[in-house]
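J.:
What follows is the structure, encoded as C-alpha cells:
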C-alpha cells in the first residue's frame, strides 16, 4: 500500500489506500514533492482504510519486502551496496539516497523483495535478521522499520530541504545529491529458508526460546513467593497497589517500548541493546537485561531481575527508595505511615522484593532530607540548529565549561536578539502572539567560567551598545541645549503672561511638548540590577532588553528581591515574560504604562543560592519559577587539563563558528525599531509574526496534549503542573528563535524546527524533574531543612509546637506548617513525637518532639 507523507490517513474517509508494485518502485525516478507529501509505502498487501495501524497490519497484512533505513554514519554508497549484495546474494535489491542526504551526511533507503509474501511474525524475524547482519558490519539501522505499519519513504527529492532551505535540485530541476543502485527488477525475490537471512533467523529463534524458558522459570518463582504470602494471610499495601495498577500501564509511563512482534515483550529504558528483554506475565514482569539488574530494579535473579507494579513504582518514581514509596502511598490514603509499616512489615517486604537493596531500619539513624542529585542528561546541542549549536560547542571548547552552560549563554543572547523582531503565533485560543523571550537559569559554582562564556556570547551586543553610546553622546548635547532653551522660554512666558491665564495656556500649547531625550544605549545592563532601574531603561530606552547576570547573587540578594519588594518584582518579571503591559504607579510620577517591552533573562548562580531561589514559595506561587528553563550541569573543574597544541589547532575554526553566530545576532539586534508612535514610545512597537505551518501546528498541539495528559491527578507531571503547562509555549518561543537565527526574514516556523525546539524543551523538563526528585525544589522539604538547622542552633532536647511557630524560621509562622515540618523530620528520624506531650519549662505542652539526632 502507498500514501503521501507521514500524516496521510484514511481513518475518517474510510477509503482504501492506493497500491504500487515493487517493479514500479525499482524503475521510478525520484518524485519532486515537499517532505509533508513525500511518497511512502508499507510493504504489505493489506491496504484497507486502517492499513497504517500497526495492530491491523500485524493481524491482516502479508508482507512482500524487507526495508532498511540508514540515517547515521555517512556511509558511502559502495559500502552499503556491498553489504546488501552479501546479504541478498542473487536476489533483487534497491539502494537509494533519502531526500535529505548530502555529502558529509549521506542517508540511505533499502528495499529487498521477498520470494513469497509472508505473515507478520515471519516478516518481523526476517527484518530483525537483516538489521542484525548490517549492524554486525558497523552500519546502524533504524529498527522502527520492524513495526508493521511503519512508513518506508520512496525516492523523492524536493527543490529545497524543508528544514535548512538547502537547494537539492539545480535551476534546471536536476537532482544535486541523489544516488541509487539496483540489481534490477528482474532478479528473483529473497528466500527466507536459506542463505544469511535464514542463518540469522535461526539465531533469533534460538535466543527467543532460551529467553522464554528463563522468563517462565522466573515467573514460576515469583508466583510461588506470591502464593506463600497470600497463604500466610499477609495482605499488604503492596498487594493493594498491585491490584489497582497494571504493569503494562506503568511500563508505558516510564518509557518502555512494546515489541511489535509479541505484545508481552518490552524494551527497558535502561537497555543498551535493541532486544525486548522484559516480559509481562499477569501482574508480574521479568527482565533478562543486565542493565535493569545493575540499576537495582526489582528483585535480583541469576539471569536478571523480576518484580511487580509496586517495584516499578519504587524504582522509577521514588529512585529505589522503598520508604519514600510507602510514605507516598499512605499519604494518598490520607494518613501517617503506621509504625508497623515502617518496621515489621517494611522489613518483611524489603526482604521479599529487593534483597539486593535493603533500606535502613528504624534503628539505623536519621535519613538525609534530600536525595543526591543524579547526573543530568546530555544537552541536545544538535537540536539548536547549525549556527547556535556550533557556537555552543565553540564556547565549550574554548572556555572549557559544560555544554549545557554554553548552550544557555548562546540561547539567552539569541533570545535577546530575536525578541525585538517578532512574535510566535501559537494555537492558543484562536492564535495568540507570544514573545520570543526566554528565562534561563544555570546552576554552576564559582570558578566554572560562567563570566568568560557570557562575555564571548555577548560580543556583538557589547559592540552595538558602544556604537549606540557614541550616537547617544552626540544627541545628548543637542538635547540638553534644546531642553535648556525650552525651560527658559517656559519661564519667560510664565513671567510675561502671569496675569493672563488664557493667553499663557495658548502660548504653552503653541510651544508643543518638550524635546525627546535621546534613546538610551543600554541593551544588556551590567552590574547590580534592580527592577526600578530596568523600568527606567524601558521608559527612556530600547524596548528589547536582557538581564544577563553571570553572578545572579547580586540580583537575587539585592534590593529588588527583599521581602517587601519581592511580590512586586516577581509580578513585573512575570508580566515581562508574558509580553503584557508594564505599569508603575508613583506619587510624584503618576501612572506610567509601557507596551510591547521584551525581556530575556539568564541567571547564573551557585548551587546554594539556586536552592534558595528554586525553593522560594513566593516565586513558585506567583508562577515565576514555572517560566524558567533550568540547567544544572556537572562541573568541569579538575578535568580542564589543557593540551595547548590541540587547543591552538581548534582555535581558528571554533572562532569562525563564533563569528558566524555573532553575525547572525548582529543582523537581528540592529534591525530598526518600528515604534507605533514615534512621538510616544510608551505605546510600543510593531513586531513581525511567525506563524506555524500546518504540520508544525499539528505537532505543537500533539506535544501540548501529551503534556496535558501527564499533568492529571496521579500523572507523572502532576507535581510539576505549573512548569509543564508553560513548556509548549516555551517550545514555541525556542522554535521562533531558531527560525530567525537561521533566516532573519522568515515568516513561518517549520515542523522540523519546532521538533528541534521540543527536543530542547524536553531536556529542560528532564532537568526540572531531576532536581525536583532530589527534593531541593520541594517547599515542604526546604522548610523542614530550615527548621532542622534552627533546632541544631537552638540545642533544646525537647521542643513544643508553639515555640516552633512563634520563634522558629520565618517560613514557619503557623501551627499547620510547623506540624508539617516536624512530621517530615520525624519521618526522616531527626525527631520523635512524644505521645501525650511533654513538660517544658514547668508548663505542660500538648504537642512536643524530642530531638534525637543533630545534623
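Numbering (the numbering used here), first residue to last: 1 to 855. Idealized CB from N, CA, C, for every residue including glycine.
#1: So for residue 97, helix, strand or coil by DSSP?
#2: Just curious, the alpha helix (DSSP H) that residue 466 is in, first and last residue?
#3: Pick from 459, 785 and 817: whose alpha carbon is nearest that of residue 802?
#4: Residue 450 to residue 666, Cα distance in whole Å?
#5: What are the boundary residues of the beta strand (DSSP E) that includes residue 839?
#6: So, using beta-carbon positions, are residue 830 and residue 426 closer together than 8 Å?
#7: Answer yes if the segment 292 to 300 comes into contact with the segment 262 to 275, meaning at least three C-beta pairs across the two stretches below 8 Å, and no otherwise.
#8: So the candidates are 40, 21 and 33; which of them puts its Cα closest to the Cα of residue 856?
#9: Inspect the CB distances between the segment 756 to 774 and the segment 803 to 813 and report whether three or more fall short of 8 Å.
#10: Compare the Cα-Cα distances from residue 242 to each of 213, 292, 192 and 313 and report the closest residue.
#11: Identify the continuous beta strand (DSSP E) that holds residue 502 and give its terminal residues.
#12: Tell me which same chain residues have a C-beta within less than 6 Å of the C-beta of residue 394, skipping the five on either side of it?
#13: Where does residue 58 fall in DSSP's three states?
#14: For the pair the segment 5 to 21 and the segment 37 to 51, tell me if three or more CB-CB distances fall below 8 Å.
#15: Quick one: what's got a C-beta closer than 7 Å to residue 716's C-beta in the same chain, skipping five residues either side?
#16: Return helix, strand or coil for residue 258, following the three-state DSSP convention.
#17: Check whether the Cβ atoms of residue 790 and residue 826 lie closer than 8 Å to each other.
#18: Tell me the start and end of each unbroken alpha helix (DSSP H) in the segment 58 to 89 that is at least 4 residues and wholly inside, in chain order.
#19: Taking its Cβ as the centre, do 16 or more other Cβ atoms sit within 10 Å of residue 116, making it buried, or is it exposed?
#20: In whole angstroms, give me the CA-to-CA distance for residue 824 and residue 835.
#21: Starting from the C-beta of residue 105, find all residues in its chain whose C-beta is less than 8 Å away, skip the five residues before and the five after it, and write them out in chain order.
#22: Applying the 10 Å Cβ sphere with the 16-neighbour rule, what's the burial state of residue 567?
#23: Which residues bound the alpha helix (DSSP H) around residue 317?
#24: Does DSSP put residue 433 in a helix, a strand or coil?
#25: Please determine, among 595, 577, 65 and 785, the residue with the shortest C-alpha to C-alpha distance to residue 151.
#26: With the cut-off set at 8 Å, would you say residue 90 and residue 198 are in Cβ contact?
#27: Rounded to a whole number of angstroms, what is the C-alpha to C-alpha distance between residue 453 and residue 399?
#28: In the DSSP output, which residue or residues are listed as bridge partners for residue 424?
#29: Between which two residues does the beta strand (DSSP E) holding residue 816 run?
#30: If distances are taken between C-alpha atoms only, which option among 148, 708, 518 and 841 comes closest to residue 120?
#31: Report the three-state DSSP secondary structure of residue 179 (helix, strand or coil).
#32: When DSSP labels each residue in this structure, what does residue 306 get in the three-state scheme?
#33: Once you ignore the five residues that flank residue 81 on each side, which residues in its own chain have a CB closer than 6 Å to its CB?
#34: If you draw a straight line from the alpha carbon of residue 339 to that of residue 257, how long is it in whole angstroms?
#35: I think residue 520 touches residue 531, with their Cβ atoms under 8 Å apart; what is that distance to the nearest whole Å?
#36: Grab the span of the beta strand (DSSP E) containing residue 798 for me, first residue to last.
T.: Concretely, from the data shown:
#1: Taking the first residue of the chain shown as position 1, residue 97 is located at position 97. In the structure shown, residue 97 adopts extended strand secondary structure according to DSSP, grouped into three states.
#2: Taking the first residue of the chain shown as 1, we reach residue 466 at position 466. That run of the alpha helix (DSSP H) goes 459 to 496.
#3: Here the question's residue 802 lines up with position 802 in the chain shown. Among 459, 785 and 817, the Cα nearest to that of residue 802 belongs to 817.
#4: Position 450 of the chain shown holds residue 450. Position 666 of the chain shown holds residue 666. Taking C-alpha positions only, residue 450 is separated from residue 666 by approximately 22 Å.
#5: Within the chain shown, numbered from 1, the residue matching residue 839 stands at position 839. Start and end: 838 to 840.
#6: Taking the first residue of the chain shown as position 1, residue 830 is located at position 830. Taking the first residue of the chain shown as position 1, residue 426 is located at position 426. The criterion of a C-beta distance shorter than 8 Å is not satisfied by residue 830 and residue 426.
#7: The segment 262 to 275 vs the segment 292 to 300: in contact.
#8: For residue 856 there is no data in the structure shown, the boundaries of the chain being 1 and 855.
#9: With a cut-off of 8 Å, the segment 803 to 813 and the segment 756 to 774 do not count as touching, because too few Cβ pairs lie within range.
#10: The sequence position of residue 242 within the chain shown is 242, counting from 1. Of 213, 292, 192 and 313, the residue nearest in Cα terms is 313.
#11: Looking up residue 502 in the chain shown gives position 502. Residue range 501 to 511 is occupied by the alpha helix (DSSP H) that includes residue 502, with no beta strand (DSSP E) assigned at that position.
#12: As a first step, residue 394 must be located in the chain shown, where it is residue number 394. These residues qualify, in order along the chain: 654, 657 and 658.
#13: By 1-based counting over the chain shown, the position of residue 58 is 58. The answer is helix: DSSP assigns residue 58 an H, G or I state.
#14: The segment 5 to 21 vs the segment 37 to 51: in contact.
#15: Within the chain shown, residue 716 is the residue found at index 716, counting from 1. Within the same chain, and ignoring the five residues on either side of residue 716 in sequence, the residues whose Cβ sits closer than 7 Å to its Cβ are 253 and 710.
#16: The residue you call residue 258 lines up with position 258 of the chain shown. Correct three-state label for residue 258: strand.
#17: On the chain shown, position 790 is the one that residue 790 refers to. On the chain shown, position 826 is the one that residue 826 refers to. 8 Å or more divides the Cβ of residue 790 from the Cβ of residue 826.
#18: Contiguous alpha helix (DSSP H) elements confined to the segment 58 to 89 occur at 77 to 88, taking only those with 4 or more residues.
#19: For the purposes of this step, residue 116 is taken as the residue at position 116 of the chain shown. Looking at its Cβ environment, which holds fewer than 16 other Cβ atoms inside 10 Å, residue 116 is exposed.
#20: Position 824 of the chain shown, counted from the start, is the residue given in the question as residue 824. Position 835 of the chain shown, counted from the start, is the residue given in the question as residue 835. Rounded to the nearest angstrom, the two C-alpha atoms are 17 Å apart.
#21: Translated into positions along the chain shown, residue 105 becomes position 105. Only 74 meet the Cβ criterion.
#22: Stepping through the chain shown from its first residue, residue 567 is reached at position 567. By the 10 Å Cβ count, residue 567 comes out exposed.
#23: By one-based count along the chain shown, residue 317 stands at place 317. Where residue 317 is concerned, the enclosing alpha helix (DSSP H) starts and stops at 309 to 318.
#24: In the chain shown, residue 433 corresponds to position 433, counting from 1. Three-state result, residue 433: strand.
#25: The residue you call residue 151 lines up with position 151 of the chain shown. Nearest to residue 151 by C-alpha distance, out of 595, 577, 65 and 785, is 65.
#26: As a position in the chain shown, residue 90 is number 90, starting the count at 1. As a position in the chain shown, residue 198 is number 198, starting the count at 1. No, the pair does not count as a contact, with Cβ atoms beyond the cut-off.
#27: Along the chain shown, one-based indexing puts residue 453 at 453. Along the chain shown, one-based indexing puts residue 399 at 399. Taking the straight line joining both Cα atoms gives about 6 Å.
#28: Taking the first residue of the chain shown as position 1, residue 424 is located at position 424. Residue 424 is bridged to 434 and 690.
#29: Numbered from its first residue, the chain shown carries residue 816 at position 816. Run containing residue 816: none in the beta strand (DSSP E); it sits in the alpha helix (DSSP H), 815 to 827.
#30: Looking up residue 120 in the chain shown gives position 120. Distances from the alpha-carbon of residue 120 to those of 148, 708, 518 and 841 put 148 closest.
#31: For the purposes of this step, residue 179 is taken as the residue at position 179 of the chain shown. Three-state DSSP puts residue 179 in coil, outside helix and strand.
#32: The residue given as residue 306 occupies position 306 in the chain shown. Reduced to three states, the DSSP call for residue 306 is strand.
#33: Mapped onto the chain shown, residue 81 falls at position 81. Answer for residue 81: 95 and 181, listed in chain order.
#34: Position 339 of the chain shown, counted from the start, is the residue given in the question as residue 339. Position 257 of the chain shown, counted from the start, is the residue given in the question as residue 257. Caution applies to residue 339, whose pLDDT of 31 falls short of 50 and renders its modelled position unreliable; the value that the coordinates give is listed next. About 39 Å.
#35: Sequence index remark: in the chain shown, residue 520 carries index 520 (1-based). Sequence index remark: in the chain shown, residue 531 carries index 531 (1-based). Their Cβ separation, rounded to whole angstroms, is 16 Å, which puts residue 520 and residue 531 out of contact at 8 Å.
#36: Position 798 of the chain shown, counted from the first residue, corresponds to residue 798. Counted as a single uninterrupted DSSP element, the beta strand (DSSP E) harbouring residue 798 occupies residues 798 to 800.
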